[in-house]
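Engineer:
2 protein chains.
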Amino acid sequence: MDATHLVDITAPLQRAEIIAVGSEMLTPVKTDTNSLFITGVLNEIGIEVASKAVVGDRIDDVMVEVQQAIERVDLLVVTGGLGPTDDDVTRDAVARVLGRQLVEDPEIVERIRARFKRRGFEMPEINRRQAMVPVGGTAIDNPNGSAPGLWIEHGHAEARKVVLLLPGPPRELQPMLRTIVAERLAGRTSGARLYRRAINITGRSESHVDEALAPAYARWLAGQPPVSATILAALGQIELHLSVIAPNEASAREILDRAVADVMSVIGADVYSVDGESMEVVLGSLLKQAHLRIAAAESCTGGLLTSRLTDVPGSSAYVERAVIVYSNEAKTELLGVPPAVIDEHGAVSEPVAQAMARGIRERAGVDFGIGITGIAGPDGGTEAKPVGTVAIALAGPGGDDLRVRTFHFVGGRAMIKFQAAQAAMDMVRRTLAQRQHTAGSAEAARTAS
Amino acid sequence: MDATHLVDITAPLQRAEIIAVGSEMLTPVKTDTNSLFITGVLNEIGIEVASKAVVGDRIDDVMVEVQQAIERVDLLVVTGGLGPTDDDVTRDAVARVLGRQLVEDPEIVERIRARFKRRGFEMPEINRRQAMVPVGGTAIDNPNGSAPGLWIEHGHAEARKVVLLLPGPPRELQPMLRTIVAERLAGRTSGARLYRRAINITGRSESHVDEALAPAYARWLAGQPPVSATILAALGQIELHLSVIAPNEASAREILDRAVADVMSVIGADVYSVDGESMEVVLGSLLKQAHLRIAAAESCTGGLLTSRLTDVPGSSAYVERAVIVYSNEAKTELLGVPPAVIDEHGAVSEPVAQAMARGIRERAGVDFGIGITGIAGPDGGTEAKPVGTVAIALAGPGGDDLRVRTFHFVGGRAMIKFQAAQAAMDMVRRTLAQRQHTAGSAEAARTAS
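These protein sequence lines map, in sequence, to chains A and C.
Note that the numbering used here gives residue 265 to position 257 of the first sequence, counting from 1, and the numbers run on in steps of one.
Note that the numbering used here gives residue 284 to position 276 of the second sequence, counting from 1, and the numbers run on in steps of one.
(1) Please go through the same chain and pick out, in chain order, the residues whose beta-carbon is closer than 6 angstroms to the beta-carbon of Leu21/C, but skip the five residues on each side of it.
(2) With 16 other CB atoms within 10 Å as the buried threshold, where does Val15/C fall?
(3) Name the chain C residues whose beta carbon is nearer than 8 angstroms to that of Lys393/A?
(4) Compute the beta-carbon to beta-carbon distance between Ile160/A and Leu106/A, rounded to the nearest angstrom, for a pair I have assumed lies under 8 angstroms.
(5) Let's test the definition: count the other Cβ atoms within 10 Å of the Cβ of Lys460/C and tell me whether it reaches 16, buried, or not, exposed.
(6) Does any C-beta atom of chain A lie closer than 9 angstroms to the C-beta of Ile134/C?
(7) If the cut is a Cβ gap below 7 angstroms, which residues of chain E does Gln76/A touch?
(8) Within 10 angstroms of the Cβ of Ala241/C, are there 16 or more other Cβ atoms? Answer buried if so, exposed if not.
(9) Near Ala200/A, which residues of its chain fall below 7 angstroms by C-beta distance, leaving aside the five closest residues on each side in sequence?
(10) Ends of the beta strand (DSSP E) at Glu25/A?
(11) Please confirm whether Ala267/A and Val290/A have their CB atoms less than 9 angstroms apart.
(12) Quick one: grab the DSSP three-state call for Ile17/C.
(13) Ile210/A touches chain C at which residues, Cβ-Cβ below 7 angstroms?
(14) In this structure, does DSSP put Ala200/A in helix, strand or coil?
(15) In terms of residue numbering, what span does the beta strand (DSSP E) encompassing His299/A cover?
(16) Please work out which residues of its chain come closer than 8 angstroms, Cβ to Cβ, to Met433/A, disregarding the five sequence neighbours upstream and downstream, and give them in chain order.
(17) Can you pull the chain A neighbours of Pro92/C, defined as C-beta to C-beta under 9 angstroms?
(18) Sort Val143/C, Pro92/C, Pro36/C, Ala77/C by Cα distance to Gln109/C and report the nearest one.
(19) Pick helix, strand or coil for Gly292/C, following the three-state DSSP scheme.
(20) Please classify Thr397/A as buried or exposed, where buried requires at least 16 neighbouring CB atoms within 10 angstroms.
(21) Closer than 8 angstroms is the cut-off here; do at least three beta carbon pairs connect the stretch 356 to 374 of chain A with the stretch 277 to 287 of chain A?
(22) Give the secondary structure of Arg66/C by DSSP, where H, G and I count as helix, E and B as strand, and everything else as coil.
(23) Can you give me the Cβ contacts of Glu25/A inside the same chain, cut-off strictly under 8 angstroms, excluding the 5 residues immediately before and after it?
(24) Short of 7 angstroms in beta carbon distance, which residues of its chain neighbour His416/A, apart from the five on each side in sequence? Order them along the chain.
(25) To the nearest angstrom, how far is it from the Cα of Arg301/A to the Cα of Ala384/A?
(26) What does the alpha-carbon distance come out to for the pair Ile188/A and Thr41/A?
(27) Please classify Ala101/A as buried or exposed, where buried requires at least 16 other C-beta atoms within 10 Å of its C-beta.
(28) Out of curiosity, what's the CA-to-CA distance linking Ser357/A and Arg329/A?
(29) Let's test the definition: count the other Cβ atoms within 10 Å of the Cβ of Gln297/C and tell me whether it reaches 16, buried, or not, exposed.
(30) For Tyr225/A and chain C, any beta-carbon pair shorter than 9 angstroms?
(31) Are Gln232/A and Asn208/A closer than 9 angstroms when you measure CB to CB?
(32) When you check each C-beta in the stretch 220 to 251 of chain C against every C-beta of chain A, which residues fall closer than 8 angstroms?
(33) For the stretch 62 to 132 of chain A, which segments carrying the alpha helix (DSSP H) assignment without a break, of at least 4 residues, lie completely within its bounds, in sequence order?
(34) Return the CA-CA distance between Gly163/C and Thr35/A, expressed in angstroms with no decimal places.
(35) Step through the CB atoms of chain C and report whether any lies within less than 9 angstroms of the CB of Gly30/A.
(36) Going by CA-CA distance only, name the one from Thr381/A, Ile368/A, Arg369/A, Leu181/A that's closest to Pro359/A.
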């Protein structure tokens with residue numbers, strides 16, 4: 009049979025399923041992560057992953073899953089269960105479902121034997137199992153382990169499907185998949201690929217974003233090629249994932265850029281990134297561009313805000329110091345917050361947040377100061393100021409109180425901390441974006457006049 | 009129908025499948041993680057997870073998966089796809105497979121409306137979809153979101169199966185599942201349960217722990233009932249998970265306590281918790297018990313150490329303030345680190361870490377001071393001090409330099425930060441544990457004499 013010939017007569021592969029075999033991935037502590045890598049590689053060549061599954065080491069369970077998958081997708085990737093021991097059942101399960109006999113390949117036996125020999129060992133007899141190949145299948149070399157992969161085609165002519173078996177360890181699986189994609193899979197796809205864009209939004213609920221974008225969804229779906237959208241509520245933000253199957257990157261970019269413009273025209277400044285960048289990365293870029301520095305005085309966030317800011321490589325350009333002030337004494341000693349203000353308004357109040365922001369800005373000698381004070385819980389809440397109440401203030405050049413707001417976050421302690429840090433960064437981001445916009449408009453006005 | 013009666017005539021639930029619905033989990037960037045929590049909770053009541061699946065937001069795909077699952081397991085847990093929008097298809101898919109009509113529940117509509125009102129919003133009309141309940145199903149209250157869960161029984165008498173629909177966000181799903189397990193699921197199982205113990209270990213590699221425990225493994229497996237052990241390398245620690253299937257908690261506790269004692273006798277002080285508690289919780293308890301307070305001066309960790317310390321409820325008892333000092337000026341101004349020490353040894357050095365530790369201890373007026381200075385990367389490394397080099401010092405009562413050490417961590421920026429924070433807490437933990445031990449021995453000596 010001639011592989012080149014097959015390419016011509018076979019329908020392109022479009023939909024894949026990934027099955028991970030291994031009982032350890034059905035425990036509370038381990039899950040399948042190979043599928044993320046596999047999905048990325050398949051998406052690059054235009055194959056969409058339609059579903060994923062994890063099954064244990066019982067041959068019946070593996071057979072059921074393989075049987076069902078082969079009915080609904082063109083490409084089935086099975087990972088794991090190719091080792092030499094009794095609980096490695098993948099080869100047997102697939103061979104039975106496809107109705108093929110397993111035959112020992114003497115060449116593979118020799119390769120495995122040589123591999124053991126190089127390390128000064130005799131090959132244990134059980135490793136012969138790894139040399140079993142279903143009739144009609146092709147072994148795939150594994151440069152980093154003893155278990156070869158297997159490539160099996162199933163069905164005839166236009167309905168021909170591919171079943172691919174790969175070992176579970178990532179360092180074995182990854183180079184093998186790369187090779188297979190280049191040498192075998194890429195030639196079996198339509199040429200079109202899946203391209204994505206992730207848009208991050210703050211300050212709106214999922215249903216508000218959804219309602220606002222409903223007319224755009226309809227337009228996108230009616231487009232040729234259609235753009236699909238998925239909306240996700242994450243902690244402190246809403247994510248909108250756009251994807252399109254396009255013949256090349258340039259056309260994908262054009263289509264996705266147009267969809268992003270649609271989103272921007274409806275959601276505006278609530279969009280903080282159009283390519284999946286995190287809040288700390290977006291804010292960091294804005295600060296760096298404008299040559300501005302920032303310092304935080306954190307109470308309830310306990311350092312999380314500054315830790316997130318400094319998760320970004322190169323953040324020392326705009327973060328130089330910060331203070332964490334849990335007690336009233338620390339607020340007064342390190343930031344000069346007047347005890348009278350704390351007495352009058354309470355430690356969790358807008359005037360205290362403002363005094364903290366002004367204090368850290370001045371003492372750190374930077375452009376912007378942030379003050380955060382709140383009740384992260386689970387104790388400390390009152391009727392007037394329940395757990396989740398957080399006051400955030402931003403002081404700007406000259407010590408001006410630029411913004412201050414009291415938030416009411418829900419969730420546990422860690423979630424309240426995260427949302428408060430997110431809201432504080434968003435406050436700075438909006439201020440900088442506005443300044444940039446204003447500066448841009450002034451520039452435009454000057455140019456026009 | 010009487011729920012109590014059903015319990016009597018129905019076979020115990022033993023095998024579950026978890027289906028996660030959501031196209032975003034079929035991308036290269038996101039996967040289902042709810043299944044880990046769900047597996048843990050189900051295992052606790054003796055239900056095994058036989059397989060897991062992820063499907064996209066296409067109703068046909070969800071229907072196929074639900075149909076297949078319901079044929080092979082007793083309990084089907086479907087997560088996600090219960091939102092108000094068009095791509096939330098779970099309710100419809102399950103209702104179709106089970107042949108039930110969906111009917112709007114006016115009480116749920118009112119609950120959702122009230123929830124929006126509390127936040128000052130009108131309920132968008134699309135949220136009515138979340139009030140649709142399949143005939144014969146029961147809505148499950150969601151204290152943290154608008155989407156109620158659904159409990160549906162399917163089939164008759166001994167073959168009765170349970171289909172459980174839960175919203176995707178973990179903070180909504182987790183409390184709902186806990187409630188359902190207590191109120192409905194626990195009464196439907198055989199009574200034997202899986203009990204686990206997670207032991208956290210620092211300062212040893214996975215293979216060292218594995219070798220040291222090999223004799224114990226064999227003993228545990230030969231026991232009646234046998235104890236299984238899984239060893240996992242996590243960031244900054246090794247986790248050893250022990251599990252046993254036992255008829256009741258008392259006997260499980262006895263068996264697991266014995267296994268934990270085996271581990272302690274081999275691994276000793278490198279074990280920092282025997283019930284899965286995090287380092288910050290363990291350290292917090294030690295500090296609270298001893299009425300000691302701590303303050304950190306953080307450079308490369310950027311606030312992560314103090315943020316983790318303050319993730320623990322009640323941490324204000326032992327954390328009062330901290331400083332984040334990225335620049336040399338900040339180290340000198342806020343901590344009194346002599347510029348000459350920085351010049352002579354470099355900012356990333358043990359003498360500077362020690363000066364930081366002493367400085368924060370004294371200025372904060374607390375018992376222990378921690379100084380952390382290092383290179384989190386990706387830039388800033390040199391041949392002598394590559395990325396990942398972190399000096400950590402601990403100053404104790406009287407300003408004594410108690411410990412200082414230079415670590416060489418691997419991984420990206422966030423991983424280096426995490427490991428440095430972990431190592432700093434472990435340094436304090438070991439010091440406190442030793443003091444406790446010494447105090448205990450002195451006490452014992454006094455009592456004996």
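Think of the CB as a built atom: it goes at the ideal place given N, C-alpha and C, for glycine as much as any other residue.
Since this is a predicted model, take the numbers as computed values, not measurements.
Structural biologist: In brief:
(1) Ile55, Asp82, Leu83, Arg196, Thr197
(2) For Val15/C, the predicted model reports a pLDDT of 40, less than 50, meaning its position is unreliable and no value from the coordinates is stated.
(3) None at all; the shortest Cβ gap to chain C is about 16 angstroms.
(4) Between Leu106/A and Ile160/A the Cβ distance is about 6 angstroms, and since that is below 8 angstroms, they are a contact.
(5) Since the first residue shown for chain C is 9 and the last is 457, residue 460/C is missing from the structure and cannot be characterised.
(6) Closer than 9 angstroms to the CB of Ile134/C there is at least one CB belonging to chain A.
(7) In the structure shown, chain E cannot be found, because the protein chains are A and C.
(8) With fewer than 16 other Cβ atoms within 10 Å, it is exposed.
(9) Apart from sequence neighbours up to five positions away, the residues of its chain that approach Ala200/A with a beta-carbon distance below 7 angstroms are Gly54, Ile253, Ala254, Pro255, ordered along the chain.
(10) 23 to 29
(11) no
(12) Here Ile17/C scores only 49 on pLDDT, less than 50, and its place in the model should not be relied on; the value that follows carries that caveat. Helix, per DSSP.
(13) Looking at the sequence shown, residue 210/A is not Ile but Thr. Neighbours of Thr210/A on chain C: none; closest Cβ ~16 angstroms, over 7 angstroms.
(14) Three-state DSSP puts Ala200/A in coil, outside helix and strand.
(15) His299/A -> no beta strand (DSSP E), and no H or E assigned at all.
(16) Met287, Glu288, Leu291, Leu313, Arg316, Leu317
(17) Glu214, Ser215, Asp218
(18) For Gln109/C, the closest alpha carbon among the candidates Val143/C, Pro92/C, Pro36/C, Ala77/C is that of Val143/C.
(19) helix
(20) buried
(21) The stretch 356 to 374 of chain A and the stretch 277 to 287 of chain A do not touch, with fewer than 3 CB-CB distances between them shorter than 8 angstroms.
(22) coil
(23) Val57, Ala58, Ser59, Lys60, Ala61, Ala77, Arg80, Val81, Leu83, Leu84, Val85
(24) For His416/A, where only same-chain residues beyond five positions count, the Cβ hits under 7 angstroms are Gly396, Thr397.
(25) Each residue's Cα considered, the two are about 27 angstroms apart.
(26) 20 angstroms
(27) buried
(28) 24 angstroms
(29) exposed
(30) yes
(31) no
(32) Close to chain A, meaning a Cβ-Cβ distance shorter than 8 angstroms, are the following residues of the stretch 220 to 251 of chain C: Thr238, Leu240, Glu247, His249.
(33) Here the runs fully enclosed are 67 to 80, 98 to 106, 114 to 126.
(34) 28 angstroms
(35) With 9 angstroms as the cut-off, Gly30/A does not count as an interface residue toward chain C.
(36) Thr381/A
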